[in-house]
Amino acid sequence: MIKRKVISTLVVLLFLILFVLFANNYLDSYVVRILNLCAIYVVLGLSMNLINGFTGLFSLGHAGFMAVGAYTTALLTMSPAVKAQNFFMMPLIKPLDSISWPFLPALLLAGLLSAFVAFLIGAPVLRLKGDYLAIATLGFSEIIRIIFTNTQNITNGALGINGIPSTTNLWWSFGAAAFTVIIMILLISSSYGRALKAIREDEVAAESMGISLFKHKVLSFMIGAFLAGIGGGLLGNLLGTIDPLMFRFMLTFNILLIIVLGGMGSITGTIVSAFIITIAGEALRFLDETMDLGFVVIPGIAGLRMVVFSGLLIIVVLFFSNGLMGNKEFSLEKIINKFKKKPLEEGGSK
Amino acid sequence: MHYKIDCGALRYLKVPQLLRGYIMFLNMSLSSFLQHLTNGISLGSLYALIAIGYTMVYGILRLINFAHGDIFMMATYFAFYAMVTFLLPWYISFFLVIVLTTLLGILVEKAAYRPIRNAPKISILISAIGMSFFLENLATVVFGGRPKAFPAPDIFTKIIHIGSISIQRLTIIIPIVTFVFLLFLLYLINRTKSGMAMRAVSKDYETASIMGVDVNKTISFTFGIGSALAAVGAIMWGMKFPQIAPLMGVMPGLKCFIAAVIGGIGNITGAVIGGFILGIGEIMLVAFFPNLTGYRDAFAFILLIAILLFKPTGIMGEKISEKV
Chain A
217 MIKRKVISTL VVLLFLILFV LFANNYLDSY VVRILNLCAI YVVLGLSMNL
267 INGFTGLFSL GHAGFMAVGA YTTALLTMSP AVKAQNFFMM PLIKPLDSIS
317 WPFLPALLLA GLLSAFVAFL IGAPVLRLKG DYLAIATLGF SEIIRIIFTN
367 TQNITNGALG INGIPSTTNL WWSFGAAAFT VIIMILLISS SYGRALKAIR
417 EDEVAAESMG ISLFKHKVLS FMIGAFLAGI GGGLLGNLLG TIDPLMFRFM
467 LTFNILLIIV LGGMGSITGT IVSAFIITIA GEALRFLDET MDLGFVVIPG
517 IAGLRMVVFS GLLIIVVLFF SNGLMGNKEF SLEKIINKFK KKPLEEGGSK
Chain B
2 MHYKIDCGAL RYLKVPQLLR GYIMFLNMSL SSFLQHLTNG ISLGSLYALI
52 AIGYTMVYGI LRLINFAHGD IFMMATYFAF YAMVTFLLPW YISFFLVIVL
102 TTLLGILVEK AAYRPIRNAP KISILISAIG MSFFLENLAT VVFGGRPKAF
152 PAPDIFTKII HIGSISIQRL TIIIPIVTFV FLLFLLYLIN RTKSGMAMRA
202 VSKDYETASI MGVDVNKTIS FTFGIGSALA AVGAIMWGMK FPQIAPLMGV
252 MPGLKCFIAA VIGGIGNITG AVIGGFILGI GEIMLVAFFP NLTGYRDAFA
302 FILLIAILLF KPTGIMGEKI SEKV
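Protein chains in written order, with our numbering: chain A, 217 to 566; chain B, 2 to 325.
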């Protein structure tokens with residue numbers, strides 16, 4: 217059984233590598249960019265699903281963690297010359313202005329810094345529940361954004377940062393996505409994962425079974441923030457430019473849409489819906505543009521796409537409250553088992 | 002009366018921020034202090050009007066109505082179109098705005114909250130967030146993303162002089178309107194039959210429905226009143242800050258929810274007190290610490306987190322014990 221699992225994982229990874237090779241060589245840059253975004257949203261969706269779906273903490277602070285990650289990576293990877301060009305209003309503070317790290321350590325530090333911020337936020341706030349927690353985390357994410365707007369000698373304030381090296385390519389983004397999926401699967405199937413699910417189902421019962429609520433909640437919050445920081449770093453170095461307005465509640469909403477559509481508490485559901493939402497977001501761009509149907513011309517209205525998106529979210533919540541997968545997983549094994557002839561089950565009472 | 006210290010020179014001395022604020026406080030003349038105070042009171046009254054909507058809905062459904070800020074935004078647009086496009090006189094437009102916004106609030110409840118009233122809380126919250134974004138994007142598409150100038154009637158914006166301070170008439174009208182509505186609501190909730198139904202539903206809606214209270218009607222009524230107050234707040238907000246945009250409801254919405262939490266959510270007098278604390282605090286923060294102006298919006302959130310950590314039930318809230 218375990219052997220088959222390893223083999224199927226290796227096969228999936230092999231397919232992924234072949235796919236990235238194919239995409240790098242044969243697809244145009246627009247499609248590659250969308251694929252990059254898809255993979256980054258897989259990372260972000262999974263990190264939010266860990267907090268919201270698996271642990272049941274309704275946190276809306278994701279944009280804040282992403283901002284920490286994106287700014288850290290950007291400031292660490294940019295060359296001193298580009299930094300000097302950017303910070304013309306107020307020079308960058310001392311040690312940051314002359315360093316230029318490779319991408320991997322910068323990403324890791326971004327993740328760690330975000331996790332640290334999550335610890336500072338989570339330690340006091342995580343004893344709140346439900347909508348109070350939601351509004352407090354949302355508040356913290358806004359506070360992070362406001363601080364970034366005002367600390368001009370670190371973040372360049374409202375001007376944002378331009379000319380971030382575009383290091384993110386398919387290898388980085390899909391590599392990070394695969395890494396996140398593996399971490400998530402290992403975590404969820406461990407005793408920690410079961411503890412998190414127990415907290416989601418019933419806090420009081422979990423606590424009375426000896427699960428430390430505080431420890432597990434903070435752990436889940438920090439791992440989620442770590443991954444969100446990495447996702448934010450990848451996103452910043454893909455887009456090449458970041459500013460505080462990018463990290464508004466809207467961004468958290470996009471990720472929330474992904475996990476609601478995919479199913480709160482489903483890894484495969486999140487992966488599928490990250491692809492669906494990102495590709496649909498691009499495919500629905502025609503709604504914003506002028507349409508010529510031959511006999512009638514419909515003038516484009518900017519923003520119609522977002523109306524459709526938010527309508528979609530309401531419809532999903534109202535009619536398919538479990539999303540695509542609920543909290544179940546899609547796995548090859550189950551399908552294989554379905555087609556195999558099963559021996560008769562043993563008799564007796566269960 | 003007070004001691005004059007040159008504040009310009011203070012910048013060169015490394016005086017701690019707090020101390021500098023205190024010295025500015027001593028330095029501030031009585032008239033400019035009163036000016037800030039009246040501004041704070043009128044901003045606080047606006048927050049209070051919107052916060053009442055949040056607190057009523059939360060009291061009855063245990064739900065943060067994320068769309069409340071956007072209902073407020075829609076009301077300013079209704080007023081804009083009534084006065085600018087249809088050229089209606091202000092008293093008719095204001096009446097129409099209140100009616101339309103009330104209907105919008107009831108509609109939002111029917112469409113997005115009623116079908117999933119018994120679903121897990123997280124679904125209802127997501128539906129509320131979805132509704133909020135839907136209204137914002139709809140407003141961007143229908144009304145256009147560019148900010149518009151709100152047509153404030155002259156009667157409200159005339160400047161009057163009292164002693165050494167000069168203020169708009171509006172600054173006095175706003176707190177009076179808020180106070181009148183507060184008294185009206187307190188009467189409605191504590192003395193009338195529909196108020197009794199609201200109180201019953203907020204305690205336990207299953208039992209209330211067994212006792213013959215029409216739960217759906219009561220909840221619609223609550224949403225209607227909350228939205229009507231948001232409309233009144235929106236009209237006055239538009240006259241005080243005459244620039245309207247599709248995303249203008251987000252920040253006031255969040256801040257007013259915070260005001261409701263500070264006052265003790267579910268309690269109407271508490272919401273008004275919370276609104277005043279937030280409004281006056283914000284204005285005074287900017288007045289005393291001008292170099293913290295950029296952090297003005299963070300003030301509310303910091304206050305919220307402090308309240309949640311030290312007194313989660315707010316100033317006037319009742320303690321709710323958890324049933325296991």
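Backbone N, C-alpha and C fix where the C-beta goes; we use that ideal spot for every residue, glycine too.
Quick caveat: nothing in here was measured; it's all calculated off a predicted structure.
Exercise for the section: Please report how far the alpha carbon of ALA331 of chain A lies from the alpha carbon of PHE79 of chain B, in whole angstroms. Expected result: 45 Å
Practice task
Measuring alpha carbon to alpha carbon, tell me which of A:PHE555, A:PHE319, A:ALA300 ends up nearest LYS310 of chain A.
Solution key: A:ALA300
Exercise for the section: For SER224 of chain A, decide whether its Cβ has a neighbour in chain B, counting only Cβ atoms nearer than 9 Å. Expected result: no
Exercise for the section: Could you check how far apart the C-beta atoms of ALA350 of chain A and SER245 of chain A are, in whole angstroms? I think they sit under 8 Å. Expected result: With a Cβ gap of about 38 Å, ALA350 of chain A and SER245 of chain A do not count as contacting.
Exercise for the section: Starting from the C-beta of GLY60 of chain B, find all residues in its chain whose C-beta is less than 6 Å away, skip the five residues before and the five after it, and write them out in chain order. Expected result: SER203, GLY267
Exercise for the section: Starting from ALA150 of chain B, follow its DSSP beta bridges and name the residues at the other end. Expected result: B:GLN244
Practice task
Answer with buried or exposed for TYR242 of chain A, where buried requires no fewer than 16 other C-beta atoms within 10 angstroms of its C-beta.
Solution key: exposed
Problem - Residues of its chain near VAL341 of chain A, where Cβ-Cβ distance is below 8 Å and the 5 sequence neighbours each way are ignored - result: Once the five neighbours on either side are set aside, the close Cβ partners of VAL341 of chain A are LEU349, ALA352, THR353, PHE356.
Exercise for the section: Classify PHE182 of chain B as buried or exposed, calling it buried when 16 or more other Cβ atoms lie within 10 Å of its own Cβ. Expected result: buried
Handout entry: ILE65 of chain B: contacting residues in chain A (beta-carbon distance under 7 Å)
Key = ASP347, ILE351
Handout entry: Endpoints, beta strand (DSSP E) assigned at ILE51 of chain B
Key = First-last for ILE51 of chain B: 31 to 62, but that is the alpha helix (DSSP H), not the beta strand (DSSP E).
Exercise for the section: Find the residues of chain A that neighbour PHE258 of chain B, judging by a C-beta separation of less than 7 Å, and give them in chain order. Expected result: ILE351
Exercise for the section: Determine the direct distance from the alpha carbon of ALA286 of chain A to that of LEU304 of chain B, and round the result to whole angstroms. Expected result: 27 Å
Problem - Residue-chain proximity (GLU283 of chain B, chain A), Cβ-Cβ < 9 Å - result: no
Problem - C-beta atoms of LEU273 of chain A and MET400 of chain A nearer than 9 Å - result: no
Exercise for the section: Quick one: residues in its chain with C-beta nearer than 8 Å to the C-beta of ALA52 of chain B, no 5 flanking neighbours on either side, listed in chain order? Expected result: CYS257, PHE258, ALA260, ALA261, GLY264, ALA272, VAL273, GLY275, GLY276
Practice task
Measure the Cβ-Cβ separation of PHE242 of chain B and PHE300 of chain B and say whether it is below 9 Å.
Solution key: no
Problem - Contact set between TYR326 of chain B and chain A, taken where Cβ atoms lie within less than 7 Å - result: With chain B covering 2 to 325 only, the question about residue 326 of chain B has no answer from this structure.
Practice task
Please name the residues in the segment 120 to 134 of chain B whose beta-carbon is closer than 7 Å to at least one beta-carbon of chain A, in chain order.
Solution key: ALA120, LYS122, ILE123, SER124, LEU126, ILE127, SER128, ILE130, GLY131, MET132, PHE134
Problem - C-alpha gap between ILE190 of chain B and ILE269 of chain B, whole angstroms - result: 10 Å
Exercise for the section: Could you check which residue in B:TRP238, B:TYR188, B:GLY146, B:VAL216 has the C-alpha nearest to that of PRO154 of chain B? Expected result: B:TRP238
Practice task
Verify the CB distance criterion: does GLY527 of chain A have a CB-CB separation below 9 Å to chain B?
Solution key: yes
Exercise for the section: Look at the alpha carbon of LEU386 of chain A and the alpha carbon of LEU232 of chain A, and state the distance between them as a whole number of angstroms. Expected result: 11 Å
Exercise for the section: Would you give the residue range spanned by the alpha helix (DSSP H) that SER133 of chain B belongs to? Expected result: 122 to 144
Problem - Under 8 Å from the C-beta of LEU344 of chain A: neighbouring residues of chain B - result: Correct list: LEU309, PRO313.
Exercise for the section: Determine, using beta carbons only, whether PRO600 of chain A comes closer than 9 Å to chain B. Expected result: This structure does not reach residue 600 of chain A, given that chain A is present from 217 up to 566, and the question cannot be answered.
Exercise for the section: Return no unless some Cβ of chain A is closer than 9 Å to the Cβ of MET2 of chain B. Expected result: Its pLDDT being 38, under 50, MET2 of chain B is placed unreliably in this model, and the value from its coordinates should be taken loosely. By the rule that beta-carbons nearer than 9 Å mark a contact, MET2 of chain B does not touch chain A.
Exercise for the section: Excluding the 5 residues preceding and the 5 following SER195 of chain B in the sequence, name in chain order all residues of the same chain whose CB lies nearer than 8 Å to its CB. Expected result: LEU189, THR219, PHE222
Problem - Spatially closest choice to ILE567 of chain A from A:ILE380, A:ARG521, A:LEU336, A:VAL247, by CA coordinates - result: Summary: the structure shown does not reach residue 567 of chain A, with chain A confined to residues 217 through 566, and so no result is reported for it.
Practice task
Look at the alpha carbon of PHE270 of chain A and the alpha carbon of LEU443 of chain A, and state the distance between them as a whole number of angstroms.
Solution key: 15 Å
Practice task
Could you tell me the distance, in whole angstroms, from the CA atom of PHE281 of chain A to the CA atom of VAL333 of chain A?
Solution key: 8 Å
Handout entry: Interface residues of chain B facing GLY355 of chain A [CB-CB closer than 7 Å]
Key = PHE302, LEU305, ILE306
Exercise for the section: Evaluate the contact criterion for the segment 490 to 498 of chain A versus the segment 105 to 120 of chain B: three or more CB pairs, one atom per stretch, below 8 Å. Expected result: no
Exercise for the section: Output the boundary residues of the beta strand (DSSP E) element that contains ILE327 of chain B. Expected result: The displayed coordinates of chain B run from 2 to 325. Any statement about residue 327 of chain B would go beyond what the structure contains.
Practice task
Whole angstroms is fine: what's the gap from ALA113 of chain B's alpha carbon to PHE546 of chain A's?
Solution key: 30 Å
Handout entry: CB contact below 9 Å: PHE469 of chain A versus chain B
Key = yes
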